[in-house]
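Structure record follows, encoded as structure tokens.
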Amino acid sequence: MRFGVPASGPMDRKAFAIANAALGNPPGAAGIEVSRGGLTLECLEGAVTLAVAGGGFILRHGAQSFGSWHVLTLRAGQSLSVRPGPWGCWTYLCFAGQLQAPVWLGSTATHGPSGLGGGRVMPGQDLTIADARVLAREGPIPCPVWARPRAMVHAVAGPQDRFFSDETLEDFASQAFHLTDSYDRMGVRLRGPLLHPQAALSIPSEAILRGSVQVSGDGVATVLLADHQTTGGYPKIATILFDDLDGFAQLRPHDRVRFRMISAEEAVARARRGAKVVQDYLARSHVA
Amino acid sequence: MPIYRPVADHALLVDFGTTITEATHAEVLALDQALAADPCKGLRETIPAFVNLLVDFDPLLTDHAEVEAHLRGLTLRQGASAEPVLREVLITYEDAPDLQEVARRTGLSREAVIAAHLSGDYKVFLYGFSPGYAYLGGLPEPLRLDRKPSPVRGVPAGSVIIAGAQCLVTTLTMPTGWWIIGRSPTRILTGDPARPFLFDVGDRVKFRRIAGPLPGVQE
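Quick note, the sequences are listed as chains G and B, same order. For the record, in the first sequence the residue sitting at position 189 is 189 according to my numbering, with numbers rising by one throughout. For the record, in the second sequence the residue sitting at position 216 is 1216 according to my numbering, with numbers rising by one throughout.
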């Protein structure tokens, strides 16, 4: 980030990790993020087993239909369509093999606004999977409860909570907010009580993080997400815990969200518990 | 004394002040360098900005209190580092849609705006906003203007833009409310995997004028 590049990568990092683990892939192997726009793939040549995890999407594979959270094998002449279903915003396709994608700064992650990195998948584009394998494993992947949308997220006040009155901080912690349609990989604007900073402030630009809740001069809060700008001059009233951001990203526009404020010490303790839960799940799901 | 502010479960913001000065920025860089030389456990990344340093860490390995204690124990040597690196950026003032307006608002002639811009001794204060956006401080006083009331869309990569005391060479086609006074063929995103970004924070920058317009610049 010191060169202006956010980490980018999947909006729901846990679902992405699950899709890779279901195939026995190394963590972080390149995959495809599918938004509610959906995706259709045709297998032109060969065969490959793939895993889909994240959100409640609908898969159509030939005459068969499944929910996301499924491992299946796609063979030459077959197609797979991924369409939005009952819940969630993002789902992940990972392949038993290596999806060929450009590498920038040692990563195949894509920075959406610039197209730097692995790149967006475009209609008509051919994808190549090197060392494509067909695995014996097929069928559903268990969807853990923590992979569902998270309507209550934990946050630590600051780093500019001092610019807001006690009443405003109380509103932030106690009132419900809604996600709006101003939602992309860079961030989502919230609708709810206005959080007016006490003075018209423009702080010298400073680093911001995935999960920063920044408040513009008109009192509107925006949560910064995977492709966020790396610096900004708006005050941040609070910052959402890293562990809660995957579930937050699966909320849809107009869904409701509340913030539960916790101390920095509690936040670290939660991060450690959350990481252990995910690790235990991945260890169980890993294909031997 | 700096103020240490926890950020979520995985970062600490170290604030050295509230206004942009050379001295405050020097403190930020001194801490950044001291931490690079003697990293704390679990350190993931540091991000220097105008008046503060964000220290991002792995909460599975350390916590805010441990990182703060480590930072307090570091010895900062300001200005002890070697002479800053001087980098040259080429610029043409042809194809510069706002040069005339900048001249009008500053009361200078077109050539005087160019001379003032070339005379600047710039310093890379931080990268921000988007990949390779290096904020250069040190724009000469007479050229300091507020930004435009609303951003202009589709400003091409390689535009040299100014606002306030800052100057920037864009790396992407993006909207901007800054004033476009020139174009540069110098690539900040170098395309070289060994050194993907031209500048380090703290580098000095001089502009050198070339004849324009640049080939292939899209209006």
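Each residue gets a CB set at the ideal place from its N, CA and C atoms; glycine is no exception.
Taking the beta carbon of residue i as the centre, do at least 16 other beta carbons fall within 10 Å, making it buried, or is it exposed?
| i | result |
| --- | --- |
| A288/G | Here the model assigns A288/G a pLDDT of 39, short of 50, so the residue's position is not dependable, and the following value carries that caveat. With fewer than 16 other Cβ atoms within 10 Å, it is exposed. |
| I1003/B | exposed |
| D244/G | buried |
| M11/G | buried |
| G37/G | exposed |
| H254/G | exposed |
| E206/G | buried |
| T1019/B | exposed |
| S1130/B | buried |
| D280/G | exposed |
| Q214/G | buried |
| Q1166/B | buried |
| P1149/B | exposed |
| A1069/B | exposed |
| S263/G | exposed |
| G117/G | buried |
| S68/G | buried |
| S1109/B | exposed |
| H1077/B | The question names His, but residue 1077/B in the sequence shown is Arg. That one is exposed. |
Cβ of residue i within 7 angstroms of Cβ of residue j?
| i | j | result |
| --- | --- | --- |
| V1089/B | V1205/B | yes |
| L224/G | S212/G | yes |
| S174/G | H111/G | no |
| T239/G | V153/G | no |
| G1107/B | R1147/B | no |
| I18/G | A53/G | yes |
| Y1127/B | F172/G | no |
| V1014/B | L1043/B | no |
| D1009/B | A249/G | no |
| A21/G | L241/G | no |
| A970/B | L1136/B | Nothing can be reported for residue 970/B: it is not among the residues displayed for chain B, which extend from 1001 to 1219. |
| R1153/B | P1185/B | no |
| I1091/B | V1160/B | yes |
| L80/G | A51/G | no |
| A30/G | A101/G | yes |
| R272/G | L1061/B | no |
| R137/G | V71/G | yes |
| L361/G | C43/G | Since the first residue of chain G shown is 1 and the last is 288, residue 361/G is not available in this structure. |
| A1134/B | F1050/B | no |
| D252/G | H178/G | It is Arg, not Asp, that sits at residue 252/G in the sequence shown. Cβ distance not < 7 angstroms, so R252/G and H178/G don't count as in contact. |
| D227/G | M186/G | yes |
| G139/G | G88/G | no |
Once the 5 residues before and after residue i are set aside, which same chain residues still bring their CB inside 7 angstroms of it?
| i | result |
| --- | --- |
| H1117/B | L1143, I1181 and F1207 |
| F164/G | L195, P197, Q198 and I237 |
| R1105/B | L1145 |
| T231/G | S205, E206, A207 and I208 |
| F259/G | V153, A155, F172, A173 and A238 |
| P84/G | R36, G38 and F57 |
| P27/G | A17 and N20 |
| V1217/B | Reliability of the predicted coordinates at V1217/B is poor, the pLDDT of 47 falling under 50, and the value obtained from them is presented with this limitation in mind. So the list reads D1095, P1156 and R1183, once near-sequence residues are dropped. |
| G46/G | A76 and A132 |
Go through its chain and collect everything with a Cβ distance to residue i's Cβ below 6 angstroms, but skip five positions before and after it.
| i | result |
| --- | --- |
| F66/G | L59 |
| E1219/B | Bear in mind that the predicted position of E1219/B carries a pLDDT of just 37, short of 50, making it unreliable; the figure below should be weighed with that in mind. Excluding positions up to five away in sequence, the list is empty. |
| G274/G | D243 |
| H1064/B | P1006 and L1012 |
| V1138/B | Sequence inspection shows Gly at residue 1138/B; the Val mentioned does not correspond to that position. Contacts found: G1120, D1121, Y1122 and K1123. |
| E193/G | Note that residue 193/G is Pro in the sequence shown, not Glu. Excluding residues within five positions, the ones whose Cβ falls inside 6 angstroms are D171 and Q175. |
| M1001/B | none |
Which same chain residues end up closer than 8 angstroms to residue i when comparing Cβ atoms and leaving out the 5 residues on each side of it in sequence?
| i | result |
| --- | --- |
| R133/G | V48, T49, A96 and G97 |
| P204/G | G233 |
| V278/G | K14, A17 and W146 |
| V121/G | I32, L39 and L127 |
| T1203/B | Checking the displayed sequence, the identity of residue 1203/B turns out to be Asp instead of Thr. Only P1084, V1085, L1086, R1087, K1123 and V1124 meet the Cβ criterion. |
| L1074/B | L1031, A1034, L1035 and D1038 |
| P1213/B | T1092, E1094, D1095 and R1183 |
Could you tell me if the beta carbon of residue i falls within a distance shorter than 6 angstroms of some heavy atom in the ligand COA?
| i | result |
| --- | --- |
| G1164/B | This structure simply doesn't include the ligand COA, nor any ligand for that matter. |
### Message
Tell me which residues of the segment 222 to 242 of chain G have at least one Cβ-Cβ distance to chain B shorter than 7 angstroms, keeping chain order.
### Response
Q229, T230, T231, T239, I240, L241 and F242
### Task
Taking only beta carbons into account, state which residues of the segment 183 to 217 of chain G come closer than 7 angstroms to chain B, listed in chain order.
P204, S205, E206, A207, L209 and G211
### Task
May I ask you to list, following chain order, the residues of the segment 1041 to 1052 of chain B that have a beta carbon less than 8 angstroms from some beta carbon of chain G?
E1045, T1046, I1047, P1048, A1049, F1050, V1051 and N1052
### Query
Taking the runs of the beta strand (DSSP E) that are 3 residues or longer, which of them lie wholly in the segment 1086 to 1140 of chain B?
1086 to 1091, 1122 to 1127 and 1134 to 1137
### Where the segment 159 to 174 of chain G meets chain B: residues whose CB sits under 8 angstroms from a CB there
P159
### Task
Would you list, in chain order, the members of the segment 16 to 43 of chain G that have their beta-carbon closer than 7 angstroms to a beta-carbon of chain B?
none
### Contiguous beta strand (DSSP E) assignments of at least 3 residues, all confined to the segment 226 to 259 of chain G
236 to 240
### Task
Could you run through the segment 1109 to 1127 of chain B and flag, in chain order, every residue whose CB is less than 8 angstroms away from some CB of chain G?
L1126 and Y1127
### Task
Below 9 angstroms between beta carbons is the criterion; list the residues of the segment 65 to 90 of chain G that meet it against any residue of chain B, in chain order.
none
### Message
Just to confirm the assignment: which complete beta strand (DSSP E) runs, minimum length 3, are found wholly within the segment 1006 to 1059 of chain B?
### Response
1011 to 1015, 1043 to 1048 and 1052 to 1057
#### Entry: Where the segment 258 to 278 of chain G meets chain B: residues whose CB sits under 8 angstroms from a CB there
A264, E265, A267, V268, R270, A271, R272 and A275
### Task
Please list the residues of the segment 1125 to 1153 of chain B that have a C-beta atom closer than 8 angstroms to any C-beta atom in chain G, keeping them in chain order.
L1126, Y1127, G1128, F1129, S1130, P1131, G1132, Y1133, A1134 and Y1135
### Task
Starting from the N-terminal side, write out each stretch of the beta strand (DSSP E) that is 3 residues or longer and does not extend beyond the segment 176 to 204 of chain G.
177 to 184 and 187 to 191
### Query
Between the segment 1171 to 1200 of chain B and chain G, which residues of the former have a C-beta closer than 7 angstroms to a C-beta of the latter?
L1172, P1196 and F1197
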